[in-house]
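A.B. asks: Pasting a structure here, questions to come.
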Amino acid sequence: MSTPPYRTLRPWLRATFGREVRRVALDAGSTCPNRDGTKGFGGCTYCDVEGSGTGALASGTELAQQLARGIAHARHKGEPVDVIAYFQSYSNTYVAVERLREVLSVVEPWIGTRVVAVSVATRPDTFPPEAVAVLAELARRVPVWVEFGLEAADDRVLTEIHRMHTVADFRAAVERAHAAGLHVIGHAILGLPGDGREGAARTARELARARVGGVKVHNLMILRRTQLEKAWRGGTVGVLDAATYLDWLADFVEELHPDQVLHRITGDAPIEQRLAPRWTLEKNSIHDLLATELDRRGTRQGSRWSTDATPTGRA
Ligand code: SF4
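Numbering (our numbering), first residue to last: 344 to 658.
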């Protein structure tokens with residue numbers, strides 16, 4: 344198999360941990376400041392009521408049980424493999440520090456046995472020093488990743504989608520995480536309302552400038568029970584077709600730093616939850632199509648990155 348013109352997750356995981364690992368998604372039942380009224384109600388316009396997560400806690404599965412089950416099911420070619428405990432749903436550091444400790448304590452029995460890293464998803468504006476300290480303490484025993492949603496590097500777009508944080512919040516949070524020795528992953532969405540092709544490139548430049556170690560990117564999807572559902576039904580918001588997404592994705596990858604690892608390049612919302620787009624690209628086929636597009640252009644990840652690159656635009 345030829346080497347793809349961009350860095351993908353599995354080879355990086357194998358190189359980092361020396362073996363196959365799987366991710367176990369966990370729902371600790373938090374919330375977000377743009378949901379609970381602190382900054383607003385309703386959450387991000389594209390987010391469903393389960394907080395972009397598993398919904399496992401809501402379905403009654405306790406955290407320790409979620410992790411134990413995930414570990415029991417983690418397999419590669421039929422053999423048990425170690426796992427990354429991924430606190431996925433909502434903003435996991437948007438809780439009292441005692442609660443954060445309690446949540447993270449579920450991984451303790453598995454450190455040194457089956458959990459090789461802990462990944463904590465949160466918002467850039469809910470990353471207070473006390474939470475950073477708790478994660479830094481855990482990071483002395485196991486690698487800790489923190490995942491921040493940037494989504495778009497443009498404050499006007501962030502306002503439009505009701506993120507209720509700024510690009511400056513993202514920059515500051517990444518700096519705090521790096522200073523604490525945490526590995527950072529940044530999230531981006533291409534095709535958000537008010538963001539265009541140049542917006543996609545701008546977001547990639549911001550992620551490159553921030554030097555986050557990993558990047559997750561996907562196209563805007565309209566999910567049931569979201570604020571965007573109404574706008575989409577009313578025809579005021581649209582989604583990208585597959586060819587356009589691939590084009591913008593290729594631009595995005597060219598703007599990244601050559602060392603950054605692409606954890607994800609497509610969304611994975613279940614079809615019964617997703618209203619648009621109706622097209623789906625299997626993980627393998629989108630990887631093939633992206634590699635083909637970059638080959639056609641004669642470019643690769645980092646082709647447009649330069650050391651003096653600073654994101655331009657409205658952020
Ligand atoms: S911050 Fe994340 S979980 Fe919270 S409303 Fe936005 S997308 Fe949903």
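Where is the CB? At the ideal position from N, CA and C, for every residue including glycine.
Note down the Cα distance separating residue 521 from residue 355, rounded to an integer number of angstroms.
C.D. replies: Rounded to whole angstroms, residue 521 to residue 355 spans 19 angstroms at the Cα level.
A.B. asks: Taking the DSSP output, what are the residues bridged to residue 562?
C.D. replies: Bridge partners of residue 562: 533.
A.B. asks: Can you tell me whether residue 519 is buried or exposed? The criterion is at least 16 other CB atoms within 10 Å of its CB, across all chains shown.
C.D. replies: With 16 or more Cβ atoms within 10 Å of its Cβ, residue 519 is classed as buried.
A.B. asks: Under the three-state reduction of DSSP, which class applies to residue 628: helix, strand or coil?
C.D. replies: If DSSP states are grouped into helix, strand and coil, residue 628 belongs with the helices.
A.B. asks: What do you reckon, are the CB atoms on residue 462 and residue 427 nearer than 8 angstroms?
C.D. replies: Yes, the Cβ-Cβ distance between residue 462 and residue 427 is below 8 angstroms.
A.B. asks: Across which residues does DSSP place residue 526 in a beta bridge pair?
C.D. replies: Per DSSP, 488.
A.B. asks: Which whole runs of the beta strand (DSSP E) in the stretch 349-414 are 3 residues long or more, in chain order?
C.D. replies: DSSP runs (the beta strand (DSSP E)) wholly in the stretch 349-414: 364-369.
A.B. asks: Out of 610, 570, 368, state which residue places its alpha-carbon closest to the alpha-carbon of residue 429.
C.D. replies: Looking at the Cα atoms, 368 is the closest of the given residues.
A.B. asks: Between residue 489 and residue 525, is the Cβ-Cβ spacing less than 8 angstroms?
C.D. replies: It is a contact, given that the beta carbons lie within the stated cut-off.
A.B. asks: If we require 3 or more residues per run, which beta strand (DSSP E) segments fall completely within the stretch 442-517?
C.D. replies: 458-465, 487-494, all fully within the stretch 442-517.
A.B. asks: Could you check whether residue 506 and residue 537 sit closer than 8 angstroms to each other, using their CB atoms as the reference points?
C.D. replies: Not a contact, by the Cβ cut-off of 8 angstroms.
A.B. asks: Can you tell which of 555, 565, 587 has its C-alpha closest to the C-alpha of residue 602?
C.D. replies: Among 555, 565, 587, the Cα nearest to that of residue 602 belongs to 555.
A.B. asks: Quick check: does the Cβ of residue 562 come within less than 7 angstroms of any heavy atom belonging to ligand 2?
C.D. replies: Here the bound small molecules are ligand 1; ligand 2 is not part of this structure.
A.B. asks: With C-beta atoms as the reference, is residue 619 less than 8 angstroms away from residue 582?
C.D. replies: Yes.
A.B. asks: Tell me the rounded alpha-carbon separation between residue 512 and residue 373.
C.D. replies: Approximately 20 angstroms, taken between the alpha carbons.
A.B. asks: Does the Cβ of residue 617 lie closer than 7 angstroms to at least one heavy atom of ligand 1?
C.D. replies: No, since every heavy atom of ligand 1 falls outside the 7 angstroms radius drawn around the Cβ of residue 617.
A.B. asks: Any idea what DSSP makes of residue 417, helix, strand or coil?
C.D. replies: Coil at residue 417, not helix or strand.
A.B. asks: Could you tell me whether the stretch 628-642 touches the stretch 573-593, using the rule of 3 or more Cβ pairs below 8 angstroms?
C.D. replies: Cβ pair count under 8 angstroms is three or more, so yes.
A.B. asks: Would you mind reading off the limits of the beta strand (DSSP E) that contains residue 580?
C.D. replies: Counting along the chain, residue 580 falls outside any beta strand (DSSP E), and DSSP gives it neither H nor E.
A.B. asks: Is residue 462 near ligand 1, with its Cβ less than 7 angstroms from a heavy atom?
C.D. replies: No, Cβ of residue 462 sits at least 7 angstroms from all heavy atoms of ligand 1.
A.B. asks: In terms of alpha-carbon separation, which member of 444, 409, 423 lies closest to residue 480?
C.D. replies: Among 444, 409, 423, the Cα nearest to that of residue 480 belongs to 444.
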